[in-house]
Amino acid sequence: MTENPFFAASPLVYELPPYAEIREEHYLPAYERGMAEQLAEIAAITDTEARPTFENTLVALERSGELLRRVDAVFRNQSSSDTTDLLDEVEAKVSPLLAAHHDAIHLDQKLFARIEALHEDRAALGLDPESLRLLERRYTAFVRSGARLGEAEQARLRELNAELAALGTTFQQNVNAATRSAALVVDTAEELAGLSEDAIAAAAENARVLGHEGRYVLSLKSPSNQPELALLADRSVRERLLAASLARGGGSNGPLAIRMAGLRAERAALLGYPSHAAYVVADETAGTVEAVSGLLARLVEPAVANARREAAELAGVAAADGIGEIAAHDWAYYSEKVRQASYQVDAAALRPYFELERVLKDGVFFAAGLAYGLSFTERPELTAHHPDARVFEVFEEDGTPLGLFIGDFHARASKRGGAWMDELVGQSGLTGRRAVVLNNLNVPRPAPGEPALLSWDEVRTLFHEFGHALHGLFSDVRYPLFAGTAVPRDFVEFPSQVNEMWMVRPEVLANYARHHETGEPLPAELVERMIAAEGFGEGFRTVEYLAATLLDWAWHTLPQGHRVADAGEFEARALAEAGIAVPAIPPRYRTPYFQHVFSSGYSAAYYAYIWSEVLDADTVRWFETNGRSVRDSGELFRRELLARGFSRDPLESFRAVVGRAPETGPLLERRGLA
Numbered sequence: 001m002t003e004n005p006f007f008a009a010s011p012l013v014y015e016l017p018p019y020a021e022i023r024e025e026h027y028l029p030a031y032e033r034g035m036a037e038q039l040a041e042i043a044a045i046t047d048t049e050a051r052p053t054f055e056n057t058l059v060a061l062e063r064s065g066e067l068l069r070r071v072d073a074v075f076r077n078q079s080s081s082d083t084t085d086l087l088d089e090v091e092a093k094v095s096p097l098l099a100a101h102h103d104a105i106h107l108d109q110k111l112f113a114r115i116e117a118l119h120e121d122r123a124a125l126g127l128d129p130e131s132l133r134l135l136e137r138r139y140t141a142f143v144r145s146g147a148r149l150g151e152a153e154q155a156r157l158r159e160l161n162a163e164l165a166a167l168g169t170t171f172q173q174n175v176n177a178a179t180r181s182a183a184l185v186v187d188t189a190e191e192l193a194g195l196s197e198d199a200i201a202a203a204a205e206n207a208r209v210l211g212h213e214g215r216y217v218l219s220l221k222s223p224s225n226q227p228e229l230a231l232l233a234d235r236s237v238r239e240r241l242l243a244a245s246l247a248r249g250g251g252s253n254g255p256l257a258i259r260m261a262g263l264r265a266e267r268a269a270l271l272g273y274p275s276h277a278a279y280v281v282a283d284e285t286a287g288t289v290e291a292v293s294g295l296l297a298r299l300v301e302p303a304v305a306n307a308r309r310e311a312a313e314l315a316g317v318a319a320a321d322g323i324g325e326i327a328a329h330d331w332a333y334y335s336e337k338v339r340q341a342s343y344q345v346d347a348a349a350l351r352p353y354f355e356l357e358r359v360l361k362d363g364v365f366f367a368a369g370l371a372y373g374l375s376f377t378e379r380p381e382l383t384a385h386h387p388d389a390r391v392f393e394v395f396e397e398d399g400t401p402l403g404l405f406i407g408d409f410h411a412r413a414s415k416r417g418g419a420w421m422d423e424l425v426g427q428s429g430l431t432g433r434r435a436v437v438l439n440n441l442n443v444p445r446p447a448p449g450e451p452a453l454l455s456w457d458e459v460r461t462l463f464h465e466f467g468h469a470l471h472g473l474f475s476d477v478r479y480p481l482f483a484g485t486a487v488p489r490d491f492v493e494f495p496s497q498v499n500e501m502w503m504v505r506p507e508v509l510a511n512y513a514r515h516h517e518t519g520e521p522l523p524a525e526l527v528e529r530m531i532a533a534e535g536f537g538e539g540f541r542t543v544e545y546l547a548a549t550l551l552d553w554a555w556h557t558l559p560q561g562h563r564v565a566d567a568g569e570f571e572a573r574a575l576a577e578a579g580i581a582v583p584a585i586p587p588r589y590r591t592p593y594f595q596h597v598f599s600s601g602y603s604a605a606y607y608a609y610i611w612s613e614v615l616d617a618d619t620v621r622w623f624e625t626n627g628r629s630v631r632d633s634g635e636l637f638r639r640e641l642l643a644r645g646f647s648r649d650p651l652e653s654f655r656a657v658v659g660r661a662p663e664t665g666p667l668l669e670r671r672g673l674a
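Numbering (UniProt numbering), first residue to last: 1 to 674.
This is how it looks when you write it as structure tokens:
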């Protein structure tokens, strides 16, 4: 190992990053050398006198940037899951450098000329389908990155990309800081009445860790509505908690959002598109702004009508407490009351049946065994990025090693909110690598010696994120560009949403949903009521999601030159004009903490969740009705879709599994909108 561990390929199994050797001071030098090395490799491609061939141009491009790929994969996860002040400084410095590096490659006229020549002659090259797709996708990426622009336009494009990269990093760091500082601190356990004993103990432990010994702290999660709102009996505490959540980042990130939306609109115009949304969607499965707008418009009216019916039912229950009108901080609380009264489902009473370790091994891993024949062995001798993170080796049904899965499940002050999947090592037939993938969640840390008990939503999140992990692990492509989750944004959520279905499959639920003290299974009648209760609240969930989606859409369908004076006013007007402004249902994310679209690559693409859910709901029905065994269905889904990544049109992969184009009926039924 050289003095900087990134300077050589990792000697560990599956090239797991050598975390025991990595120090914060290694990142910046590795980034700098990695970018320099890749530019030298690009120069070697363009400076040759040999005519362009697929091997000396496209394959050479795919092989370039190994050091940069190594350090970037590790740093992106580290800066999100366990950041420090120094890592924040590195991120702020590196983000615009990476944007400039991307431009240096994609605006290299000699490199583009070689790719363009191959593209023009592609029919005569005799390429296999995946190689032909690589040529076509690389050509498209260069054109969309501005390779055909004039010199002055390219200079402006470089400026736009650098500023947007820097602003996105600042936005993310502002959200992290605002989320930490907005945590709700209360003095007594009585103020947390309604939470379970383990949740109150976790709040006390959180307070101790954060320096509030003897008090209780509810740290904020990423979305607007906090899970504790469903249980807190004290209305004033609920109001304080939601107010803290909704106010995050307003002073700092509102102006940043305005600036970023304007820069994105200018960039889109430079590249020949009427808006940033038009630019983004042109390379997604949706294809056009009209297709997305049409789907969203069809959903708004029935979703709002459904939510109003729910509100009327909630108001009837709240009247008994002297509440005349349901406020936003009341909705989740009285929804829980309705579920208890109508379905006899108590969210707090369910938690003892969902112990993290059991849900992981006897639920998530068990389902992967049923559908795909996988098995998992924990490798405690392997070091991950944080002491909380655990490494598992994944094996095929016949014992063949497949890859590594890392789980980092607990919340901490140094981790950003939400849940996500990262790929530390990508699969590729070209390099001979197998995947190393990682899931991050934010489950509150229990008090010492106590089990980590999950809410129903946290169980769903665990299954969801593991669906992304499977997408990475099952990748079976030749070229790194196509590996795993490197698919369009409006397709990438589809496999993870499908994986959620296993949480309620009878044979899976019965295997993991057991009381952590007695071992008793979750009663069958409670399971039935719980599934029935899932239908109540679809109006709220759909409106909450659509409000965020339409907010993203409003920001990113703006034409170049449109002036926005105030982010809050723009947000209110956009929701009202879309017909989705329901005062008691705030958007799932408000502009100042909408990380998905201002710092995480989902700009003009938050619609992807509902677009993917069309495919998801249709596929779940296929799993249930196709007449095959679970194992045979899983193998087909893996072989024809999960393994293919972006090596072919994703909708072609969908048709190869289901046998036809997707249909919207199953989604509308699931959402109560049919």
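By construction, the Cβ of each residue, glycine as well, lies at the ideal position given by its N, Cα and C atoms.
With a cut-off of 8 Å on the beta carbons, I'd call residue i and residue j a contact; round off their distance for me.
{"i": "residue 409", "j": "residue 430", "result": "Between residue 430 and residue 409 the Cβ distance is about 33 Å, and since that is not below 8 Å, they are no contact."}
{"i": "residue 261", "j": "residue 445", "result": "With 8 Å as the limit, residue 261 and residue 445 do not qualify as a contact, their Cβ atoms being about 37 Å apart."}
{"i": "residue 118", "j": "residue 147", "result": "Their Cβ separation, rounded to whole angstroms, is 14 Å, which puts residue 118 and residue 147 out of contact at 8 Å."}
{"i": "residue 620", "j": "residue 664", "result": "So it is not a contact: roughly 14 Å between Cβ atoms."}
{"i": "residue 436", "j": "residue 403", "result": "6 Å"}
{"i": "residue 34", "j": "residue 61", "result": "Contact doesn't hold; Cβ gap of about 15 Å is too wide."}
{"i": "residue 175", "j": "residue 217", "result": "Not confirmed; about 18 Å, so no contact."}
{"i": "residue 95", "j": "residue 166", "result": "6 Å"}
{"i": "residue 459", "j": "residue 503", "result": "6 Å"}
Relative to the C-alpha of residue i, which residue among the options is closest?
{"i": "residue 188", "options": "620, 234 and 159", "result": "234"}
{"i": "residue 555", "options": "531, 225, 605 and 532", "result": "605"}
{"i": "residue 162", "options": "139, 98 and 144", "result": "98"}
{"i": "residue 300", "options": "190, 622, 540 and 591", "result": "540"}
{"i": "residue 481", "options": "437, 648, 112 and 398", "result": "648"}
{"i": "residue 644", "options": "611, 551 and 491", "result": "491"}
{"i": "residue 105", "options": "75, 58, 624 and 477", "result": "58"}
{"i": "residue 567", "options": "345, 659, 304 and 247", "result": "247"}
{"i": "residue 671", "options": "269, 303 and 439", "result": "303"}
{"i": "residue 737", "options": "508, 515, 610 and 517", "result": "Within the shown structure, residues of the chain are numbered from 1 to 674, placing residue 737 beyond reach of any answer."}
{"i": "residue 250", "options": "638, 288, 503 and 569", "result": "569"}
{"i": "residue 519", "options": "527, 510 and 94", "result": "510"}
{"i": "residue 92", "options": "50, 111 and 173", "result": "173"}
{"i": "residue 102", "options": "77, 124, 144 and 126", "result": "144"}
Expressed to the nearest angstrom, what Euclidean distance is found between the alpha-carbon atoms of residue i and residue j?
{"i": "residue 15", "j": "residue 412", "result": "27 Å"}
{"i": "residue 529", "j": "residue 535", "result": "10 Å"}
{"i": "residue 273", "j": "residue 281", "result": "11 Å"}
{"i": "residue 603", "j": "residue 591", "result": "12 Å"}
{"i": "residue 378", "j": "residue 589", "result": "36 Å"}
{"i": "residue 561", "j": "residue 160", "result": "14 Å"}
{"i": "residue 617", "j": "residue 308", "result": "25 Å"}
{"i": "residue 215", "j": "residue 179", "result": "19 Å"}
{"i": "residue 271", "j": "residue 157", "result": "9 Å"}
{"i": "residue 252", "j": "residue 341", "result": "43 Å"}
{"i": "residue 225", "j": "residue 498", "result": "24 Å"}
{"i": "residue 164", "j": "residue 171", "result": "10 Å"}
{"i": "residue 277", "j": "residue 133", "result": "25 Å"}
{"i": "residue 553", "j": "residue 368", "result": "36 Å"}
{"i": "residue 655", "j": "residue 631", "result": "19 Å"}
{"i": "residue 52", "j": "residue 122", "result": "12 Å"}
{"i": "residue 579", "j": "residue 81", "result": "37 Å"}
{"i": "residue 220", "j": "residue 657", "result": "40 Å"}
{"i": "residue 315", "j": "residue 548", "result": "25 Å"}
{"i": "residue 594", "j": "residue 182", "result": "16 Å"}
{"i": "residue 72", "j": "residue 321", "result": "54 Å"}
Counting only the same chain and skipping the five closest in sequence on each side, list residues whose C-beta sits under 6 Å from that of residue i.
{"i": "residue 335", "result": "537"}
{"i": "residue 471", "result": "484, 485, 495 and 642"}
{"i": "residue 573", "result": "none"}
{"i": "residue 74", "result": "17"}
{"i": "residue 344", "result": "529"}
Leaving out five residues before and five after residue i in sequence, what residues of the same chain have Cβ atoms less than 7 Å from its Cβ?
{"i": "residue 229", "result": "238, 241, 242, 329, 332 and 333"}
{"i": "residue 634", "result": "371 and 372"}
Looking only at its chain, what residues have a beta carbon closer than 8 Å to the beta carbon of residue i, apart from the 5 residues adjacent to it on each side?
{"i": "residue 1", "result": "Note on residue 1: pLDDT 39, under 50, position unreliable in the model; no value is reported."}
Next on the checklist: Assess contact between the region 81–93 and the region 19–35, defined as three or more Cβ pairs (one per stretch) separated by less than 8 Å. Is contact present?
Outcome noted: yes
Checklist entry - Can we say the region 342–358 touches the region 446–459, given the rule of at least three CB pairs closer than 8 Å? => result yes
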